[in-house]
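Accompanying notes for the structure given below.
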Amino acid sequence: MDRLPIDYFRDEVRNGFFVPTAIKQAWGAQLKVLDVIDSICRKHNITYFADWGTLLGTVRHGGYVPWDDDMDICMKRADYEKFRRAAAKELPSNYCLHDYAHKEDHWLFLARVVNNTNISYEQKHMDEFYNFPYLVGIDIFVLDYLYRDDRDERRRCDEVKHIIAVADAIVNNKISKAAEDANLMELERLYNVKFNKNDDSRHLGIALYHLAETQMARVPEYESDSLGQIFPWILIGNRGRDKKLFKNIIRLPFENTTMPVPADYNYMLKSKYEQYFVIRKVWNGHKYPFFEAQRESLQAVADFKLPEFTFDIKKLRKNRPASSYRNTMQETVREAMSELCGIGEVPADASVLVQCQQAAIDIGSYIEKVKGEDNHSGRIAVASIEQYCEMLFRLYNAVTQPDNAGRCVTELQAYEEYVSALGDMKSAVQSQIIDRKLVAFVTDNPLRWQELQPLYDYYNNIDNTEAVVIPLPVLAKNLYGEVVSGREEWSNDRREEYPDGLNTVAWDSIDMHMLKFDTIIIQNPYDEWNPYITVPAAFYSAKLMQYTDCLTYVMPCGVNDFTEADVNDMYGLKYSLAMPGAVYADRIIVHSEKMKKLYAEYLGNFAAGTDKAEWYRKLVCDNELYQDTQSGIEGTQTAGRKRLLYCIGENEFAEGAGYALDNISKRISTMAGYTDKMDIIACTYPYSIDDWDICTGEQKEKFRRIINDAEQSGNISLCDFRNVDISSMTAYYGSPSPLICRFTEQHKPVMISASERM
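Just so it is clear: in the sequence shown, position 473 is 473 by full-length UniProt numbering, and no numbers are missing.
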């Protein structure tokens, strides 16, 4: 697997849930572990596939469920045993395999591949796992064949539960020696095995767990119609799933890689979750995120405080010395213009005119240096200065080279022109430079610019106000906080990805300390406290506060409302709100009144010495901003003709089998009857039918003919799934894909096509 790009680790809002860099680090580390597992499986022809939340995430989200932090995969028993043998020899030296036989207190019937034996801050480990020091593992669950007769299955389950009960009693020293011996003898008789009675409790436990696994695996495939995870689900009465569902495995996109899933994934998820594309954010698993428990354990034994941002009340604006702004461009130009006008209003002689000209040239050069030669307001001011200098030169010639015949008239005319130009210059410089309010948008993510566009438009429409956009590069850090990005990353502020027409300024050419900003608006709250990425330190909030009296932090847009009971959402506030750019800002823009109250309560608890009333005043609920932003993002009704996206998925050939091509052809024919009212845009998922393993070569060829005929007849047009512009679409129809969540987020109709099952 290629190394994840730095952009992957940006904070992101997915399906209304905030995913910070810290979670992305955990995901990235897990993807590294998955790549190791995948390599072993490919080498030894071992089949594995996503299960539980990972299956749901793969199909519905094209990756992780946003509020999930772990990964679950599954293998049939034969593949599982084959993998354990191969992994014992081929896992990287720092990796380990946890199961009941190899890991203390791992009394579970699953294996876990872990990327290290302990938390590691070693440079090599941190570089490999994106500055993530914690243990990362992937659980591998096991499927066994079940009896056709429920009575036989219940009997097997009772046997397994009894073996586990004896093992747990021995391991936990909750059984007498006599009872232990009696149980072991009975198990030896029943299963024709031998136990070493001299073994310690752990090794007896291992032997008994192995016996339990043997009983779980005792039904051969040809005597079974179903598969199930016996521990714990079949043991507590759950039924398995048809083994045919696991016959064909295909790969679907998952984050930056692919994930094997049963080809019949749509049927499986519908039978498990019913309307599985209806998002219900439920969490009842381990402590979220998993690595916080490791951090707490490490802190308990460390003799120093682990690094994390802590609030310092002295850094609040009210406790800082007031900024004088004496050396800013505005004040410098104000003083220079005052001096120029003082001597230039009524120039006494030619030498004064020379002084005035030099002063004007210096002011113009200074404005161009600070504002840039292409700045609109700067050009207006400099143009007025140039006009003034031209009139000054005429007056100088009239004074020093008098025309005897018309000296007084010529000098008088020149003086009147000079006075007029002086007034125009004073007015232009005053309005365009001295009194002009500057508003800076300091942004590092072109994908989030749409959240700021309405605010940018708002300030641009205010008289005598100039909004400027300063795109920043995103840089990688090492474990010491040192920037390790190269020259290419430093120079890549991605300004070309922002909309045309913005007043952008290169971050490395603007002299922030020479300007006074009415407002500076930021989206990145971290300063140096992001665990993996950063921006140039000159644009940390502590620096920006020196250049304005109103540093404004905009909370991530698109996060759904939540309550204190939503522990996963609450955890995200550690990164989106409890960071210096937010807590030390003069204003925080939020997206709803409900969240304003929750944020104020949270900040009051986080920031010692403050109260929620103080924070409530600082939080601004700008409904108009977010309403406009959402309408810009959503575009719920496309202007003009309607456009229907028809998605054709590989799963149709698993569900419909021999009927799949007929179903697709019939749907296209039906839609062709509406092409006078709408455009039909077709895409395939996964991306190219050439990669659809479940289809035969003949099926692929027939599919291409169906699509080509429809395209040539003008009934449909084709689009790459990865390039679908949802904002231009009216509705979605077809196979399940991650696009459905994005359509529903934008309140656009979705209909999943029904497939006939064989």
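Idealized CB from N, CA, C, for every residue including glycine. Quick caveat, the model's predicted, so the values are computed rather than measured.
Sub-8 angstroms separation of residue i and residue j beta-carbons
i, j, result
"Y273", "L55", "no"
"I694", "A263", "yes"
"A26", "P454", "no"
"residue 788", "T58", "This structure cannot speak to residue 788, because the chain is shown only from 1 to 758."
"I279", "V261", "no"
"F83", "I119", "no"
"T332", "Y366", "yes"
"I533", "L475", "yes"
"I343", "V352", "yes"
"L577", "L603", "yes"
"A585", "S541", "yes"
"R494", "P471", "yes"
"C550", "E451", "no"
"F743", "Y733", "no"
"L146", "L227", "yes"
"F721", "C683", "yes"
"S592", "D561", "yes"
"I510", "T552", "no"
"M185", "I140", "no"
"V160", "Q229", "no"
"I138", "L34", "yes"
N- and C-terminal bounds of the beta strand (DSSP E) containing residue i
i, result
"T675", "Unbroken run through T675: none, as it is neither H nor E."
"Y498", "First-last for Y498: undefined, no H or E at that position."
"E12", "E12 to R14"
"C741", "No beta strand (DSSP E) holds C741; the alpha helix (DSSP H) holding it covers L739 to E745."
"G228", "S226 to G228"
"C389", "It is not in any beta strand (DSSP E) - C389 instead sits in the alpha helix (DSSP H) that spans H376 to T400."
"H44", "Neither: H44 is in no beta strand (DSSP E) and is coded neither H nor E."
"I694", "No beta strand (DSSP E) contains I694, which DSSP labels as neither H nor E."
"D144", "G137 to L146"
"K76", "D72 to K76"
"I521", "T519 to I522"
"V583", "Taken as a continuous stretch (DSSP letters only), V583 belongs to no beta strand (DSSP E), being part of the alpha helix (DSSP H) at P580 to V583."
Among the options, the one whose alpha carbon lies nearest that of residue i
i, options, result
"I706", "K677, Y366, S665 and F562", "S665"
"N503", "G486, P525, M185 and G372", "G372"
"I689", "V724, I726 and E650", "E650"
"A613", "H286, E159 and A600", "A600"
"L340", "G364, T328, K318 and S324", "G364"
"A29", "R587, T696 and Y95", "Y95"
"P5", "N256, D312 and D527", "N256"
"Q546", "L515, V567, F562 and P525", "L515"
"I752", "P536, Q275 and E698", "Q275"
"D68", "D518, I668, R704 and D566", "D566"
"E90", "A300, M185 and S39", "S39"
"R241", "L208, E335, M216 and L269", "L269"
"R85", "Y121, S323, P66 and K43", "K43"
Residue i: first and last residue of the uninterrupted alpha helix (DSSP H) it sits in
i, result
"Y480", "Careful: Y480 lies outside any alpha helix (DSSP H) and carries neither H nor E."
"residue 760", "A query on residue 760 cannot be resolved here, the shown segment of the chain reaching from 1 to 758 and no further."
"L603", "E593 to F606"
"H106", "H106 -> no alpha helix (DSSP H), and no H or E assigned at all."
"Y265", "Y265 to Y273"
"T258", "Per DSSP, T258 belongs to no alpha helix (DSSP H); it is in the beta strand (DSSP E), T257 to P262."
"Y553", "Y553 -> not in any alpha helix (DSSP H); beta strand (DSSP E) instead, spanning L551 to V554."
"L91", "No alpha helix (DSSP H) contains L91, which DSSP labels as neither H nor E."
"R587", "That residue, R587, is in no alpha helix (DSSP H); its beta strand (DSSP E) goes R587 to V590."
"V567", "V567 to S576"
"C341", "M329 to G344"
Beta-bridge pairing of residue i - partner residues as DSSP gives them
i, result
"L644", "I680 and A731"
"G649", "Y685"
"E466", "L438"
"I367", "Partner(s): none; I367 has no beta bridge."
"P471", "T443"
"R251", "P260"
"F18", "V13"
"F49", "C74"
Anticipated Cβ contact below 8 angstroms, residue i with residue j, distance rounded
i, j, result
"residue 760", "R148", "The first residue shown for the chain is 1 and the last is 758, placing residue 760 beyond what the model contains."
"C647", "L718", "Not confirmed; about 12 angstroms, so no contact."
"I434", "Q330", "5 angstroms"
"S384", "V429", "7 angstroms"
"V142", "R239", "Not a contact, Cβ separation roughly 17 angstroms."
"V559", "F18", "5 angstroms"
Cβ of residue i within 8 angstroms of any chain B Cβ
i, result
"E339", "Of the protein chains in the structure, only one exists, and it is not chain B."
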